[in-house]
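>
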Amino acid sequence: MRLIGPMTNRRLFELVTDDGCSISPYAWRTKFALALKGLDYETCAVGFTDIPAIGSGAFSSVPVLQDGEQWLGDSWVIAAYLDDAFPDSPRLFSCPAERAMVLFFEKWIASEVISQMFRICVFDIHNRLRAADRAYFRRTREARLGQPLEAVHAERDRYLPILRQHLQPMRLALRQSHFLGGDAPNYADFIAAGAFIWAGSVASLKLLEADDPLFEWLGRCLDLYDGVGSSLSLPGFGL
Ligand SMILES: N[C@@H](CCC(=O)N[C@@H](CS)C(=O)NCC(=O)O)C(=O)O
Numbered sequence: 009m010r011l012i013g014p015m016t017n018r019r020l021f022e023l024v025t026d027d028g029c030s031i032s033p034y035a036w037r038t039k040f041a042l043a044l045k046g047l048d049y050e051t052c053a054v055g056f057t058d059i060p061a062i063g064s065g066a067f068s069s070v071p072v073l074q075d076g077e078q079w080l081g082d083s084w085v086i087a088a089y090l091d092d093a094f095p096d097s098p099r100l101f102s103c104p105a106e107r108a109m110v111l112f113f114e115k116w117i118a119s120e121v122i123s124q125m126f127r128i129c130v131f132d133i134h135n136r137l138r139a140a141d142r143a144y145f146r147r148t149r150e151a152r153l154g155q156p157l158e159a160v161h162a163e164r165d166r167y168l169p170i171l172r173q174h175l176q177p178m179r180l181a182l183r184q185s186h187f188l189g190g191d192a193p194n195y196a197d198f199i200a201a202g203a204f205i206w207a208g209s210v211a212s213l214k215l216l217e218a219d220d221p222l223f224e225w226l227g228r229c230l231d232l233y234d235g236v237g238s239s240l241s242l243p244g245f246g247l
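For what it's worth, this note's numbering labels the leading residue of the sequence shown as 9, then goes sequentially.
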């Protein structure tokens, strides 16, 4: 595990590739959330096979946030914790109704968008992982997909138009406002931007048509909070 960041008692354990690129859509939600709240943290870069060694060994996925004595897993749990623990900083959820609608958005994007991005990028992800993580990733993902990674990769051109079509509700909503949250971003933007950053970091083909209006929204998200994402390399978006 590698530590990067300011001296603080807050640490974010996040998944990285062999060259140190942060590639979890879930970690990126948390990074945006911490940035909105103005909270410093150290990054603790892990691979899949490091996850059982995090904290007391109770975690099966990342991100994991350590905040002093508190250990939290699951990005949704972390988001709720951040609002509870830091009520005086900007809120992630302004009210229970907003939280409920963002949960719906999270389920929608998981089933309609992230699932397609995953199929398009799964072999690219495999090839970017640390050598120690590749066999684990291949075994677990091939079991999930029911196919060798190479076979899924060979069909990725079939999934690309499905992904682009499934993004249409976002395009339509963003005709009305700068962000999914309205004039300002909310946690739905963080969820969607996290997925775009994850897939865009690893994809070896262009995920969107060059004139897709979603580029404007993505650019706004990357520029948030002093440019949380502005220096990222996102080949999947030609950035
Ligand atoms: N519901 C979790 C999902 C997190 C998740 O699936 N993370 C992946 C990395 S992107 C992971 O750690 N997987 C562990 C594994 O496959 O062993 C959250 O929102 O944090």
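Cβ atoms here follow ideal geometry from the backbone N, Cα and C, with glycine treated the same way.
#1: For ligand 1, is there any heavy atom lying closer than 8 Å to the beta carbon of Tyr167?
#2: In whole angstroms, what is the alpha-carbon distance linking Arg37 and Arg166?
#3: Secondary structure at Phe101, three-state DSSP: helix, strand or coil?
#4: Per DSSP, which one or two residues make a beta bridge with Gln78?
#5: Any residue with its Cβ nearer than 6 Å to a heavy atom of ligand 1 should be included. What is that list in chain order?
#6: Give the C-beta separation of Gly81 and Ser69 to the nearest angstrom, bearing in mind that I take them to be a contact with Cβ-Cβ under 8 Å.
#7: Roughly how many whole angstroms lie between the Cα atoms of Ala140 and Asp234?
#8: Tell me which same chain residues have a C-beta within less than 6 Å of the C-beta of Thr57, skipping the five on either side of it?
#9: Measuring CA to CA, which of Asp231, Ala196, Cys129, Thr51 is closest to Leu213?
The relevant details are as follows:
#1: For Tyr167, the shortest separation between its Cβ and any heavy atom of ligand 1 does not lie below 8 Å.
#2: One C-alpha to the other measures close to 28 Å.
#3: Three-state DSSP puts Phe101 in coil, outside helix and strand.
#4: Note: Gln78 is bridge-paired with Asp75 in the DSSP secondary-structure output.
#5: This criterion selects Leu23, Ser32, Tyr34, Phe56, Ile59, Ser69, Val70, Pro71, Asp82, Ser83, Trp84, Thr148.
#6: At roughly 7 Å, the Cβ-Cβ gap stays under 8 Å, so Gly81 and Ser69 are in contact.
#7: Distance between Ala140 and Asp234, taken at the CA atoms: about 34 Å.
#8: Cβ neighbours of Thr57 beyond the five flanking positions: Ala140, Asp141, Tyr144.
#9: Comparing Cα positions, the closest option is Cys129.
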